[in-house]
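Residues 38 to 210 in the numbering used here are what the sequence shown spells out, letter by letter. What follows is a single structure, written as structure tokens, with notes after it.
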Amino acid sequence: MTQSDIRDRQNRMLLLLLVNVVIALVTPTYYRIFSQLWADHLLAFLVGAIVLHSSDRRYGRYLVHSARLVLYLLWEITLSSLSVAGLVLQPKPKLDPGIIAVPLDIDSDLEITTLATCIALTPGSVPIDLHRNGQDPPVLYVHYLVVGDPDTLRASIKAGFEHMILQVSRGIA
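Right under this line is the structure:
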């Protein structure tokens, strides 16, 4: 898949998502079905998703992969918050801070920004720098409070956030 194909797919899916959100926001102002406004918005979003899925079959998978990414992010935030809280509550915290380099398979600006944002939202980790060197894959430098085994951290980023971002942006299974 070329860079242009990836960009076109991302733009198409983002446009469909924008249309879906507009449908979800506008429809309840004209048609009130439930007494709770949020339920009307949710119903309008689901109806919009079904209609848009019928026009582009990939949109349904895009929504499922996006929801999985959001749920995974919330899970990682929860686990990391508990881990950092445990560190803070210890009389003598066992910190092992360090910066690790993570070579990336993703290369578009949107994908890298999404990955860096997910890492930044996870307590105990901060993206520091992105290094691009011509034809080499981009490398993201991340600071962690507790590094432990750097290879394990790299593998968890690649198998977790990066893989899910590839599923959302490129439809890779």
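C-beta: ideal position from N, C-alpha, C; glycine also.
Three-state class that DSSP yields for residue i in the structure shown
i	result
L177	strand
V56	helix
V205	helix
Residue i versus residue j: straight-line alpha-carbon distance, rounded
i	j	result
S162	T115	13 Å
L152	M50	18 Å
K195	A81	35 Å
L106	S41	24 Å
A76	W112	25 Å
S145	K131	37 Å
Beta carbon of residue i nearer than 9 Å to that of residue j
i	j	result
Y178	P164	yes
Y262	L54	Since the first and last residues shown for the chain are 38 and 210, residue 262 lies out of range.
P128	I149	no
I143	L52	no
N57	G97	no
H78	G208	no
P160	S117	yes
Residue i versus the options, residue with shortest Cα-Cα distance
i	options	result
A157	Y181, D93 and H90	Y181
Give, in chain order, every unbroken run of the alpha helix (DSSP H) that is at least 4 residues long and sits entirely within the stretch 60-101.
74-92
Restricting to runs no shorter than 3 residues, where is the beta strand (DSSP E) found entirely within the stretch 106-170?
135-140 and 162-168
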